[in-house]
Amino acid sequence: MAITNASNAEAVREQLRTGGTVLVDYGASWCPPCRTLLPILEEIDAEYGDHVRMIKVDCDELPELASEAGVMSMPTVIVYSGGQPVEKLVGLRPKSVYQGVLDKVSREARSAL
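The numbering used here puts the first residue of the sequence shown at 241, with every later residue one more than the last.
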């Protein structure tokens with residue numbers, strides 16, 4: 241599965257409502273740490289495949305989504321499960337941190353079944 245570039249706010253909201261695990265990357269094209277994060281997320285996307293949907297939100301193009309999510313700094317990555325935010329990571333982190341969050345969310349979702 242590929243990282244989806246958000247084109248409108250309602251499409252992102254709909255993706256979150258459909259449930260499952262969704263990682264949303266809030267950033268901007270001019271932000272150096274955001275550009276560094278993208279290849280990390282592409283690797284994670286390749287590893288997790290259909291288990292996690294990934295959406296990239298450009299905060300300059302969709303400021304209302306950034307505001308709704310409480311984004312104060314970029315990059316901000318929020319992981320949603322069942323439509324609810326479960327983890328918020330502000331700033332660039334090592335790949336292992338993002339993987340750890342996704343693994344934890346997956347374990348919690350499986351144990352809830």
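All residues carry an ideal CB built from backbone N, CA and C; glycine is no exception.
query                                                                                                               : result
Nonlocal neighbours in the same chain, by C-beta distance under 7 Å from GLY323, ignoring five residues either side : LEU256, ARG257 and GLY259
According to DSSP, residues forming a beta bridge with SER321                                                       : THR261 and GLN324
Same chain, Cβ closer than 8 Å to VAL252, neighbours up to 5 away in sequence not counted                           : ALA246, VAL264, ILE295, VAL297, LEU302 and LEU305
VAL252 - DSSP class collapsed to helix/strand/coil                                                                  : helix
C-alpha gap between ARG333 and PRO273, whole angstroms                                                              : 10 Å
Complete alpha helix (DSSP H) runs within the segment 261–315 (minimum length 4 residues, chain order)              : 272–288 and 303–308
Beta-carbon gap between VAL337 and GLU327 smaller than 7 Å                                                          : no
Whole-angstrom distance between ALA242 and MET312, CA atom to CA atom                                               : 26 Å
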